[in-house]
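Residue numbers (UniProt numbering): 1 to 247. Comments concern the structure below.
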Ligand code: 6PG
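Following this line, the structure appears as structure tokens:
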């Protein structure tokens with residue numbers, strides 16, 4: 001892993017401002033280097049925080065963005081529980097990303113999470129133009145949240161998906177966080193990304209975040225996120241970072 005950068009700000013609003021600047025820079029660099037920016041969004045509170053200022057940033061070349069999902073619930077795309085719907089409402093409806101560049105779960109497969117995961121893997125390979133049979137796909141940026149139990153994406157403590165190392169997209173049907181059926185990127189994909197950014201605010205996860213950053217508790221799935229060549233960022237409010245040494 002290149003380096004870990006812990007950024008902390010007095011409020012969630014200032015975290016949102018920092019994410020706007022971070023993604024504007026990261027996307028400009030990626031577009032300069034290889035003509036596009038490939039980014040994966042998690043659900044929960046992350047899309048609203050990431051989009052708050054970004055959606056109005058006219059300096060960002062959104063036409064060259066390719067949007068994926070770090071995890072997705074196996075529900076219809078207009079369901080309030082859908083991460084696609086969440087990101088669409090918070091960001092995609094406000095910026096000119098071509099719909100063909102938003103890579104979403106196949107709605108026809110949401111009743112079969114195994115097939116939905118297999119299909120999403122193929123969609124990623126097609127969109128990234130890569131042979132994912134032998135190597136995990138490489139995203140420019142993967143945006144992750146963390147649950148109080150240290151889950152990230154839909155990788156939950158004690159569940160076998162955390163240990164998956166040969167599939168790049170897997171599925172779960174007994175998610176402790178409803179809804180039960182989901183698809184999710186796996187640890188090898190997270191660790192191949194050029195950058196990974198955890199976004200955590202609110203103060204309720206300060207102990208979990210401390211344990212993850214310190215690498216003290218590998219039972220926490222987010223503790224397995226250590227990009228082999230990319231950079232790892234933490235965008236936190238001060239309440240969440242209170243036990244951390246901040247860069
Ligand atoms: C999901 C998310 C999940 C989320 C965490 C944190 O689809 O449920 O991807 O991994 O990031 O549960 O959610 P909050 O930021 O809302 O606490």
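All residues carry an ideal CB built from backbone N, CA and C; glycine is no exception.
- DSSP places residue 22 inside the alpha helix (DSSP H), whose first and last residues are 12-34.
- A distance below 8 Å separates the beta carbons of residue 143 and residue 50.
- Remark: the C-beta of residue 186 is outside contact range of ligand 1, defined as less than 7 Å to any heavy atom.
- With three or more CB-CB distances shorter than 8 Å, the stretch 55-68 counts as touching the stretch 89-104.
- Boundaries of the alpha helix (DSSP H) around residue 206: 206-213.
- Summarising the contact set, residues whose Cβ lies nearer than 5 Å to any heavy atom of ligand 1 are, in chain order, 42, 43, 44, 45, 71, 145, 147.
- Boundaries of the alpha helix (DSSP H) harbouring residue 115: 113-128, taken from the DSSP string.
- For residue 48, there is no enclosing beta strand (DSSP E); the residue is found in the alpha helix (DSSP H) stretching over 46-54.
- Counting only runs of at least 4 residues, the stretch 53-94 fully encloses the following alpha helix (DSSP H) elements, listed from N- to C-terminal order: 83-90.
- Per the coordinates, the alpha-carbon of residue 229 lies some 9 Å from the alpha-carbon of residue 3.
- Looking at the DSSP output, residue 5 bridges to 233.
- Taken through DSSP and simplified to helix, strand or coil, residue 42 comes out as coil.
- For residue 195, the beta-bridge partners assigned by DSSP are 231.
- Comparing C-alpha distances from residue 196 to each of 187, 168, 246 shows the shortest one belongs to 187.
- In the DSSP assignment, residue 169 falls within the beta strand (DSSP E) that extends over 169-172.
- The residue from 107, 180, 215, 224 with its alpha-carbon nearest to that of residue 164 is 224.
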